[in-house]
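In structure tokens:
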């Protein structure tokens with residue numbers, strides 16, 4: 052008699068970096084997985100719904116159905132999709148939930164939280180910490196794109212510096228003035244290395260940033276303006292063909308893909324709004340746990356109450372990703388000479404696979 056395979060749902064959204072990590076995890080399990088694509092309503096594409104166990108924030112007409120038979124295991128990430136995962140568990144209490152990232156609320160309702168260095172999540176038996184995100188580059192896709200674009204990029208003076216531009220995200224300031232600073236630092240690199248510059252924007256790049264890039268662009272530099280569903284995006288080709296990379300510090304996925312290919316990487320650090328520094332500092336104090344400082348121990352119970360109410364979540368500090376990459380010899384900061392990484396990214400996928408399989412019936 053054969054044992055029935057566990058029913059696993061992979062709950063995905065519209066963020067490519069998040070989806071790629073979840074797919075890597077699912078593939079490693081070597082078990083059948085059903086993919087559920089969920090899309091938020093228009094007002095929640097950028098807006099944040101109040102965190103609760105619900106589907107009210109989803110565009111159900113354009114999402115995959117969530118109906119019985121319910122899964123044994125759900126793997127997901129992000130605010131909007133973890134809300135849907137909690138709704139599934141409400142319908143099926145025996146369903147196990149695996150969350151990649153940080154729970155905005157109710158950490159005790161998730162069976163496994165696979166957290167990343169930028170998140171200040173407490174040390175609990177259900178929490179697994181990774182040194183870096185699980186994102187990896189599709190090398191076949193990069194090679195194919197490089198072959199298609201080779202003749203067009205061969206006209207550029209070598210070396211080529213690809214400048215990968217993200218966009219505004221809390222708590223960073225990324226406006227016209229910061230964009231001007233980015234262009235200025237890239238000009239310095241261009242002069243130092245006698246290089247060509249190729250700027251690429253991305254989905255989160257604001258019109259203000261694009262307009263500033265166009266106005267400040269060096270005469271011999273190129274700019275690709277991101278467009279949804281464009282078949283002519285040079286991003287993958289540049290991953291294969293560019294010699295050096297500058298990535299704005301808000302974009303973890305682009306930093307990780309460059310580092311995975313062991314290409315020289317410089318991180319452009321973004322300034323943080325003053326209120327953002329204050330809020331992040333307060334969150335760190337509220338969730339400091341067993342800290343040595345009296346004020347942190349005093350604030351701890353208050354922080355737990357605010358977290359349970361969905362008011363004060365766990366802090367996020369992307370500078371921790373920057374520091375990890377820099378200490379591993381995988382990146383420098385703009386203003387420093389590029390370095391050739393001697394090793395690739397650490398791969399913790401086997402450990403993740405073992406933890407998840409231990410949850411299965």
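Residue numbers (our numbering): 52 to 412. All residues carry an ideal CB built from backbone N, CA and C; glycine is no exception.
Does DSSP classify residue i as helix, strand or coil?
| i | result |
| --- | --- |
| residue 71 | helix |
| residue 179 | strand |
| residue 257 | coil |
| residue 166 | strand |
| residue 374 | helix |
| residue 379 | coil |
| residue 321 | coil |
| residue 58 | coil |
| residue 172 | coil |
| residue 408 | helix |
| residue 400 | helix |
| residue 298 | strand |
| residue 125 | strand |
| residue 160 | helix |
| residue 187 | coil |
Keeping to the same chain, check which residues put their C-beta closer than 8 angstroms to that of residue i; ignore five residues upstream and five downstream.
| i | result |
| --- | --- |
| residue 129 | 64, 66, 69 and 152 |
| residue 227 | 259, 260, 262 and 263 |
| residue 231 | 263 and 267 |
Hey, residue i and residue j are a contact pair by Cβ (cut 8 angstroms); roughly how many whole angstroms apart?
| i | j | result |
| --- | --- | --- |
| residue 187 | residue 311 | 5 angstroms |
| residue 301 | residue 218 | 7 angstroms |
| residue 493 | residue 317 | Residue 493 lies beyond the stretch modelled for the chain, which goes from 52 to 412, so this question has no answer here. |
| residue 57 | residue 137 | Not confirmed; about 20 angstroms, so no contact. |
| residue 178 | residue 166 | 6 angstroms |
If you count every other CB in all the chains shown that lies within 10 Å of the CB of residue i, and 16 or more means buried, which is it?
| i | result |
| --- | --- |
| residue 245 | exposed |
| residue 315 | buried |
| residue 412 | exposed |
| residue 85 | exposed |
| residue 276 | exposed |
| residue 209 | exposed |
| residue 358 | Bear in mind that a pLDDT of 49 at residue 358, under 50, signals an unreliable position, so the model cannot answer this. |
| residue 140 | buried |
| residue 77 | buried |
| residue 171 | buried |
| residue 98 | exposed |
| residue 281 | exposed |
Here's a check: name, in chain order, each residue in its chain whose Cβ is nearer than 7 angstroms to the Cβ of residue i, leaving out the five neighbours to either side.
| i | result |
| --- | --- |
| residue 192 | 287 |
| residue 397 | 182 and 183 |
| residue 154 | 133, 161 and 164 |
| residue 194 | 291 |
| residue 236 | 319, 385 and 386 |
Residues in the same chain with beta-carbon distance under 6 angstroms from residue i, minus the five sequence neighbours each way, listed in chain order, please.
| i | result |
| --- | --- |
| residue 87 | 60, 62 and 115 |
| residue 207 | 247 |
| residue 233 | 319 |
| residue 381 | 310 and 392 |
| residue 162 | 147, 148 and 410 |
The ligand PLP and residue i: does the residue's C-beta get closer than 7 angstroms to at least one heavy atom of that ligand?
| i | result |
| --- | --- |
| residue 247 | Absence of the ligand PLP is noted for the structure shown, with no ligands found whatsoever. |
Uninterrupted alpha helix (DSSP H) stretches inside the region 61-118 (no shorter than 4 residues) = For the region 61-118, whole alpha helix (DSSP H) runs of length 4 or above, ordered along the chain, are 67-80.
Go through the region 129-154 residue by residue and report every complete run of the beta strand (DSSP E) that reaches 3 residues or more, in order.
-> Here the runs fully enclosed are 147-151.
What residue ranges within the region 202-257 form continuous beta strand (DSSP E) runs of no fewer than 3 residues, ordered along the chain?
-> DSSP runs (the beta strand (DSSP E)) wholly in the region 202-257: 211-215 and 247-251.
Within the region 260-293, ranges of the beta strand (DSSP E) (whole runs, at least 3 residues) = With a minimum length of 3 residues, the continuous beta strand (DSSP E) runs that stay inside the region 260-293 are 273-275.
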